[in-house]
Each structure stands twice: as structure tokens, then as C-alpha cells.
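S.K.: Let me begin by handing over the structure; questions about it come next.
Protein chains: 2
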Amino acid sequence: MKDVRVLEVKQSVFANNDKQAEELRKDLKRRKVYLLNLMSSPGSGKTTTLMRTIEALKDEMKIGVMEADIDSDVDARTIASTGVKSIQLHTGGMCHLDAEMTRQGLDGLEAGDVDLAILENVGNLVCPAEFDTGACKNACILSVPEGHDKPLKYPLMFTVCDVVLVNKIDVMSYFDFDMEKCMEYIHMRNPDAKVIPICAKTGEGIGEWADWLRSEVRAWQE
Amino acid sequence: MKDVRVLEVKQSVFANNDKQAEELRKDLKRRKVYLLNLMSSPGSGKTTTLMRTIEALKDEMKIGVMEADIDSDVDARTIASTGVKSIQLHTGGMCHLDAEMTRQGLDGLEAGDVDLAILENVGNLVCPAEFDTGACKNACILSVPEGHDKPLKYPLMFTVCDVVLVNKIDVMSYFDFDMEKCMEYIHMRNPDAKVIPICAKTGEGIGEWADWLRSEVRAWQE
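One line per chain: the protein sequences are A and B, in this order.
Using this note's numbering, read the first sequence as starting at 26 and increasing by one per residue.
Using this note's numbering, read the second sequence as starting at 26 and increasing by one per residue.
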């Protein structure tokens, strides 16, 4: 299997993460790099969704992926197999990424020439929501087996996300998952959130998601 | 629906959580209260497993449940419907419970007369593993849809857990889940971990889990 680069990212020494995040966003705007922060629980399908996203968009734009994990490099190896730029970020036990860690990741990725950089954040519905990474937009994946009540229990995550991908809709009939309630709860947290039901395994819904992402990247680069 | 008590627990002012945890464990031993710390990702089935556990053991021992959540009281309402003592702990955005918060919860629960107190920790595979709550044992639930690779990615959780319940085995055939690999990865982290495959929805495996918990409580009270 292809070797992947592993970068140990260090927590910010700066007290003001929000300021660092704003500065990173300005840099990205200047360099015409669109950064997406992708968050979710462990095992909701971030990496499989990323594989589909790369497949859908890699012929139209340069993509780079940062895989943040506490340990292991299994996800970065999977991503590297698609041929896009990728790097594994190890957080040294940290449960989230801040703006400075994200900047270190982008430097490590040598992201200057990519159109779309995607940060796969640590699998966690709590802490990553508290830290602005400097991304242009936040996305989260909620998978059907996790249940439609998650926006009630993890309010901040669904408040800060611009788009929610509801994944694993192929197994909907095996779980007590109410899509209507799910949408209602998400919109209680963020009335403007875009909700896209997908199945990363079969590719269902990926077209709509790729359309959204494409128009985001184009608008950012104008 | 029955009203539940909601307690806002505050983070410890003590620097040394390990010391607080040891003291709490000694208190619990003196009072013959067995405390189990139950952890998992969001949506892996902690509450449903608890419902089954209560059903299996409530005629033999007094049970009390603390439901920790960042927000909402849906889980505590569910538990309250079984008739056992229960309380909702709100962590005010905190991603885990420490020993002092657990002590506040036990006081709020008035747990002095229970044989088995269960703390349902915040749904998170990262942070709760870092804080000794003072519990006698740690358990975690890993559900089939999350994937068998989770012990590779969230090493500390599987290192600190004495028992791992592999839940939702009824949907095994719909997911690429390798139970043998899962066991291997768990034992890489903790060779002594007991692994019990269960289906909280149907009750499969709950007997073995209840047997383990019963013998733990009895040994603690001797």
C-alpha cells in the first residue's frame, strides 16, 4: 500500500482561535483555496463519503485531503489510493482541530495549488464544533444508525454546520429513523442548514452534494 | 411523560482528577454502591442497552441511572419510564464527565441506597476516556454500523475499558463488519478486555452482559 505522510500537529499557542481562523480564511481567499471542514461521529462514513466526493469532482478541480485522527493512518491510506494529495494529521490525543493545527496541516499538504481542501476532522460530535478551523464552510455527516434525535443531543454541531449529509439511507428500513423529524430537529438548530440524504456506499445523493460543493468552490474563487 | 430531574453539573475545581476519582471509589466501596461508567459514540445504543440491563437486573438489585448529556432530557425520560431512580446531568457543553461531576450526579441521584449506579457518559469516543470518573469499571459500546476499525482510531477508549459490548449485531449482514478483526483490535489495546456481542433491540447477548454485571456488583459488595 502507498505510504502516507503523517504530520504531528500541535495545539495553538495563540489564545484567540477565532482571530487565527479569520486570518486563515483571508489567506485561503487570497490563494483561492476553498477549505471544507467535515465533521461527524466515529463511523458515520466520512472517509467513504470523501472517496465518492473525490470521484465526482477530481476531473474538474485539484483536491487535497487532510485526515485528522488521534492515531492510525488507515483513512489517509484509503484516500491516497485515489491519487489526490493527502496527508494524515495526528492530533496527539486532542479531540478536535483548531485553526493553527489546520494551518499546519495545509502547509504540510502544500495546499497552495489546490482548489478544494477538505479537512476530515476527528470523529466526535462535541468538541470539533467548538473550534473555528478557518474553513469556508462546515459540513457534518449524521448516519441513519445513529438516530434522528442527534440534533437534540448535540446542538452546537448542528448549529455551526452549513450542510448536513444524512448518510447510510440504504439501511433506513432496519432502523427507527424518521427523516422528517431529523430535518425538523436540524432546522431547529440552524434554519438555513442544507440537508442532503446520501448513501456513500451506493453513491445515492452524491450528485446533489457534489453540485453544492462545486458551486461553493466556484463562488469562492471568483 | 414523567418529569425528570435535571442537574447542571460543574467541572471540577480540583487540579487532580485522579485523586478525586480514587476518593470517590473509596466512598462507593464503603457505601457498597457499584458504579459503572458507560461510554460510546453518539447513537451506538447506550440508552437501549441500559433499558435491557435494567429489565434484566431490577428485581435483584436497586439500580440508579445518571444520564449525562450536553443538552436535552430525552434519555432520562426514557429511563425514568422503567421506574428506577434516574437523573439527567447537563454538562454545560462539556464533552466528558470528571470525578467531581460524577460525585455531584451521585449526590443528586441520592444514590446511597442503590446497589448499582450507572453513569451514561456523554456520547464521545475521545474525551470521556481521558477522565477517571471514579467508577468501579468502565464499559463501552461499539455498534456494528460504526465499523470494526474503531479500536485502531480511538485507542485510549479501548485501553481503559474493562468490557466492550458490540451492539446491533442484528444488522451485521448489511455492514462490512468483521467480528474477528474487531476482537483482535480491541485486544491489541487491552488484552484483558471482555467482549460481548449484543443486540439491545432484540435482547440477544444481554444475559451474558447481565451475568457479568451481577457478579461485579456482588464482588464489590462483599
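Note that beta-carbon positions come from the ideal geometry of N, C-alpha and C, so glycine has one too.
Can you say whether A/Asn215 is buried or exposed, counting buried as having 16 or more other CB atoms within 10 angstroms of its CB?
M.R.: Within the first sequence, residue 215 of chain A is the residue found at index 190, counting from 1. It counts as buried.
S.K.: Let me see if you follow: with CB-CB separation under 8 Å, is A/Asn149 close to chain B or not?
M.R.: Translated into the one-based positions of the first sequence, residue 149 of chain A becomes position 124. At least one chain B Cβ lies under 8 Å of A/Asn149.
S.K.: Using C-beta distances below 6 Å, list every residue in its chain close to B/Met26, excluding the 5 sequence neighbours before and after it, in chain order.
M.R.: Position 1 of the second sequence holds residue 26 of chain B. Residue placement at B/Met26 is poorly supported in this model, since its pLDDT is 43, which falls under 50; the coordinates are not used for a value here.
S.K.: Are the C-beta atoms of B/Glu171 and some chain A residue less than 8 Å apart?
M.R.: As a first step, residue 171 of chain B is located in the second sequence; it is residue number 146 there, counting from the start. It does: the Cβ of B/Glu171 has a partner Cβ on chain A nearer than 8 Å.
S.K.: From which residue to which residue does the beta strand (DSSP E) around B/Met91 run?
M.R.: In the second sequence, residue 91 of chain B corresponds to position 66, counting from 1. Run containing B/Met91: 88 to 94, per the beta strand (DSSP E) assignment.
S.K.: Going by the beta-carbon positions, is the gap between A/Ile95 and B/Lys175 smaller than 8 Å?
M.R.: Reading the first sequence from its first residue, position 70 is the one you call residue 95 of chain A. Reading the second sequence from its first residue, position 150 is the one you call residue 175 of chain B. No, these two residues do not count as a Cβ contact at 8 Å.
S.K.: With B/Thr227 and B/Asp195 assumed to form a contact (beta carbons below 8 Å), what rounded beta-carbon distance in angstroms separates them?
M.R.: On the second sequence, position 202 is the one that residue 227 of chain B refers to. On the second sequence, position 170 is the one that residue 195 of chain B refers to. Correct: roughly 6 Å between the Cβ atoms.
S.K.: Run the CB neighbour count on B/Arg56, radius 10 Å, all protein chains shown included, and call it buried at 16 or more, exposed below.
M.R.: To locate residue 56 of chain B, count along the second sequence from 1; it is residue 31. Counting Cβ neighbours within 10 Å, B/Arg56 comes out exposed, since fewer than 16 surround it.
S.K.: Taking A/Pro222 as part of the beta strand (DSSP E), name the residues at either end of that continuous run.
M.R.: As a working note, residue 222 of chain A is residue 197 in the first sequence. Looking at the DSSP string, the run of the beta strand (DSSP E) that includes A/Pro222 is 219 to 222.
S.K.: Near A/Leu75, what residues of its chain come up, given a Cβ to Cβ distance below 8 Å and the 5 sequence neighbours on each side ignored?
M.R.: In the first sequence, the residue the question calls residue 75 of chain A occupies position 50. Here the set comprises Leu63, Val90, Ile104, Ile143, Glu145.
S.K.: Are the region 42 to 53 of chain A and the region 158 to 167 of chain A in contact at 8 Å, needing three or more beta carbon pairs?
M.R.: With a cut-off of 8 Å, the region 158 to 167 of chain A and the region 42 to 53 of chain A count as touching, because enough Cβ pairs lie within range.
S.K.: Can you grab the Cα-Cα spacing for the pair B/Glu247 / B/Asp132, in whole Å?
M.R.: Mapped onto the second sequence, residue 247 of chain B falls at position 222. Mapped onto the second sequence, residue 132 of chain B falls at position 107. Taking the straight line joining both Cα atoms gives about 23 Å.
S.K.: Kindly indicate which three-state DSSP category A/Tyr59 falls into: helix, strand or coil?
M.R.: By one-based count along the first sequence, residue 59 of chain A stands at place 34. Looking at A/Tyr59 - three-state DSSP - the assignment turns out to be strand.
S.K.: For B/Ala95, return the contacting residues in chain A, with the cut-off set at a CB-CB distance below 8 Å.
M.R.: As a first step, residue 95 of chain B must be located in the second sequence, where it is residue number 70. In the sequence under discussion, the amino acid at residue 95 of chain B is Ile, which differs from the Ala named in the question. Correct list: Val151, Lys178, Tyr179, Pro180, Leu181.
S.K.: Please state whether DSSP places A/His265 in a helix, a strand or coil.
M.R.: With chain A covering only 26 through 247, there is no way to say anything about residue 265 of chain A.
S.K.: For a contact meaning CB atoms closer than 9 Å, what does B/Lys175 contact in chain A?
M.R.: Here residue 175 of chain B corresponds to residue number 150 of the second sequence, with the count starting at 1. Result: Pro67, Gly68, Gly148.
S.K.: Please state whether DSSP places A/Ala101 in a helix, a strand or coil.
M.R.: Reading the first sequence from its first residue, position 76 is the one you call residue 101 of chain A. In this structure, A/Ala101 counts as helix in the three-state DSSP scheme.
S.K.: Is there a Cβ of chain A sitting closer than 8 Å to that of B/Cys207, yes or no?
M.R.: Position 182 of the second sequence, counted from the start, is the residue given in the question as residue 207 of chain B. False, the Cβ-Cβ gap to chain A never drops below 8 Å.
S.K.: Contact criterion: CB-CB distance below 8 Å. Does B/Glu120 meet it with respect to chain A?
M.R.: For the purposes of this step, residue 120 of chain B is identified with residue 95 of the second sequence, where counting begins at 1. The question names Glu, but residue 120 of chain B is Cys in the sequence shown. For B/Cys120, the answer is yes, since a Cβ of chain A falls inside 8 Å of its Cβ.
S.K.: Apart from the five residues on each side of it in sequence, which residues of its chain come closer than 7 Å, Cβ to Cβ, to A/Ala235?
M.R.: Position 210 of the first sequence holds residue 235 of chain A. Excluding positions up to five away in sequence, the list reads Thr78, Ala81, Leu82.
S.K.: Keeping to the same chain, check which residues put their C-beta closer than 7 Å to that of A/Thr73; ignore five residues upstream and five downstream.
M.R.: To locate residue 73 of chain A, count along the first sequence from 1; it is residue 48. Excluding positions up to five away in sequence, the list reads Ala225, Lys226.
S.K.: Could you please give me the residues that DSSP links to A/Met64 through a beta bridge?
M.R.: Reading the first sequence from its first residue, position 39 is the one you call residue 64 of chain A. Looking at the DSSP assignment, A/Met64 forms a beta bridge with A/Cys165.
S.K.: Between A/Tyr210 and the rest of its own chain, which residues show a CB-CB distance below 6 Å, the 5 nearest in sequence each way excluded?
M.R.: Taking the first sequence and counting its residues from 1, the one referred to as residue 210 of chain A is at position 185. Excluding residues within five positions, the ones whose Cβ falls inside 6 Å are Pro176, Leu177.
S.K.: Measuring only between beta-carbons, confirm whether B/Ser106 sits less than 8 Å from chain A.
M.R.: Translated into positions along the second sequence, residue 106 of chain B becomes position 81. By this cut-off, B/Ser106 is not an interface position.
S.K.: Thinking C-alpha only, which one of B/Gly230, B/Glu155, B/Phe156, B/Ser198 is nearest B/Val189?
M.R.: Within the second sequence, the letter at position 164 stands for residue 189 of chain B. The shortest Cα separation from B/Val189 among B/Gly230, B/Glu155, B/Phe156, B/Ser198 belongs to B/Gly230.
S.K.: Would a check of beta-carbon distances place A/Tyr59 closer than 8 Å to chain B?
M.R.: The residue labelled residue 59 of chain A in the question sits at position 34 within the first sequence. Output row for A/Tyr59: interface = no.
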